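Student: Reminder that position 108 of the sequence shown reads as 109 in our numbering, one-by-one numbering, no gaps.
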Amino acid sequence: MGLTGQKIKDIRAYVAGGGGGDYHDQGQEHWIVNQIATPMSIYPEYKKTRTSFGINALKTLVIEVEADNGEVGVGISTGGYPAAWIVMNHLDRFIVGQPVENVEKMWDQMYRSTMYYGRKGVVMNAISAVDLALWDLIGKVRQEPVYAMIGGKVRDEISCYATGPRPDLAKEMGFIGGKIPLVYGPADGEEGLRKNIEQAADMRERVGDDFWLMWDCWMSLDLPYAQKLMEKSSELGFRWIEECFNPDDYWAYRDLKKRAPNNMMVTGGEHEATRYGFRMLMEFSDVDIIQPDVGWCGGLTELIKIGNLAESYGKYVIPHGSGVYSYHYVTTKTNSPFAEYLVMSPNADKVVPQYYPLLEDEIIPENGKVKLSDRPGFGVSLNKKANLQKVNKD
Ligand SMILES: [Mg+2]
């Protein structure tokens with residue numbers, strides 16, 4: 002028996018599909034399904050939408066872990082069906098029967114046992130979702146919020162910037178900045194570059210000189226294009242240029258950072274995983290801000306290690322999206338001075354819950370700021386009315 006006296010009696014995996022919480026699966030009238038520059042934009046047939054190349058093919062993964070006393074922890078990631086299969090047929094053995102607080106041991110066993118086929122991607126999505134569910138469960142069993150268990154708050158409120166196509170509306174809603182998904186990539190040539198810069202100049206005019214503007218490039222660029230975009234956007238006072246390259250191309254990140262003007266930060270890491278991947282990004286590529294996604298990088302257990310490493314490198318950690326799962330971390334760290342909010346309303350004009358309709362009681366920013374409640378765990382529970390498909394053990 003562990004300290005809490007509680008062991009894990011069950012683990013459950015669900016896949017959430019269209020209309021049921023897969024955030025890339027938003028129907029056809031949503032900014033996130035409009036044209037955004039991606040690694041697939043070089044192929045005309047896959048340029049118009051990300052769903053055309055299957056960004057929503059795997060669906061969303063939801064994990065529940067249940068303690069002997071009936072408390073339930075919930076974690077969310079992508080990776081859908083294949084990740085759910087891995088959780089129910091491989092990872093479950095390291096979880097069921099364990100004392101609920103043994104998260105470090107459970108994480109390490111999940112990681113080591115999948116090393117021969119895992120390390121990143123779908124497997125790390127699966128490990129992350131289980132890890133988030135475990136932290137949620139520990140908090141619910143101990144009746145403490147996650148932030149309190151990992152060091153407590155260093156600030157009462159979290160200021161957020163907004164990601165979406167309308168920084169001007171984000172400013173009106175109280176956010177500290179707006180990050181625009183880049184529309185045109187290298188395959189659109191000089192004309193596409195000109196359109197990107199026209200959009201940037203238009204936004205700068207709408208929001209004024211002091212509001213933060215950034216680019217989100219979603220792995221779509223090559224070095225010459227990124228350099229041109231960076232230089233022209235720096236003249237418009239853009240604050241950073243994000244995730245320009247294939248996450249494996251640490252050399253391109255290094256070279257862009259070397260060429261960056263003083264007023265422009267180079268950021269990345271949203272699709273990076275584990276302390277090892279982030280060590281490369283910081284030590285070798287020297288990016289200014291790392292942006293781990295707590296649902297992809299290895300969960301909260303790994304994010305804490307990544308964040309501590311970042312502190313020693315003098316880098317900010319501004320996690321990618323992930324709502325409450327990120328906010329509980331951010332509020333405990335001095336080198337995470339603000340957070341991202343992904344504007345999930347179809348026209349980017351309203352603040353809505355990040356995981357709607359998957360979670361109940363999800364905290365959202367008010368006037369651009371998040372104030373966490375003192376509810377146990379991450380303060381949320383699974384909405385059983387969402388479109389959830391249970392994936393059983395084979
Ligand atoms: Mg991004």
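Ideal Cβ placement from N, Cα and C applies to all residues, glycine included.
Because the structure is a prediction, the values reported are computed rather than measured.
Can you find a heavy atom of ligand 1 that lies under 8 Å from the Cβ of residue 79?
Tutor: no
Student: With H, G and I counted as helix, E and B as strand and the rest as coil, what does DSSP make of residue 156?
Tutor: coil
Student: Just mark residue 13 as buried or exposed, buried being the case when its beta carbon has 16 or more other beta carbons within 10 Å.
Tutor: buried
Student: Going by beta-carbon coordinates alone, are residue 62 and residue 103 separated by less than 9 Å?
Tutor: In this structure, residue 103 does not lie closer than 9 Å to residue 62 by Cβ.
Student: Compare the Cα-Cα distances from residue 47 to each of 17, 188, 235, 101 and report the closest residue.
Tutor: For the residues 17, 188, 235, 101, the minimum Cα distance to residue 47 belongs to 188.
Student: Going by beta-carbon coordinates alone, are residue 300 and residue 136 separated by less than 9 Å?
Tutor: yes
Student: List, from N- to C-terminal side, the beta strand (DSSP E) runs of 3 residues or more that fit wholly inside the region 165 to 231.
Tutor: 178 to 182, 213 to 217
Student: Where do the ends of the alpha helix (DSSP H) carrying residue 266 lie?
Tutor: Unbroken run through residue 266 is the beta strand (DSSP E), 266 to 269; no alpha helix (DSSP H).
Student: Considering just the uninterrupted stretch of the alpha helix (DSSP H) at residue 429, what are its terminal residues?
Tutor: Since the displayed the chain opens at 2 and closes at 395, residue 429 lies outside it and no answer follows.
Student: Could you tell me which of 390, 376, 44 sits nearest to residue 144, measuring between CA atoms?
Tutor: 376
Student: Among the residues of its own chain, which have a CB less than 7 Å from the CB of residue 81, if the five just before and after it don't count?
Tutor: Hits under 7 Å: 16, 59, 60, 61, 62.
Student: Would you be able to state if there are at least three C-beta pairs under 8 Å between the region 321 to 337 and the region 278 to 287?
Tutor: no
Student: So what does DSSP say about residue 334, is it helix, strand or coil?
Tutor: coil
Student: Taking only the alpha-carbon atoms, compute the straight-line gap between residue 152 and residue 45 and give it to the nearest angstrom.
Tutor: Cα-Cα distance, rounded: 49 Å.
Student: Is any heavy atom of ligand 1 found at a distance shorter than 8 Å from the C-beta of residue 39?
Tutor: no
Student: With H, G and I counted as helix, E and B as strand and the rest as coil, what does DSSP make of residue 378?
Tutor: strand
Student: Comparing alpha-carbon positions, which option in 111, 274, 245, 270 lies nearest residue 261?
Tutor: 245
Student: Please find out if some non-hydrogen atom of ligand 1 comes closer than 8 Å to the beta-carbon of residue 321.
Tutor: The answer is yes for residue 321.
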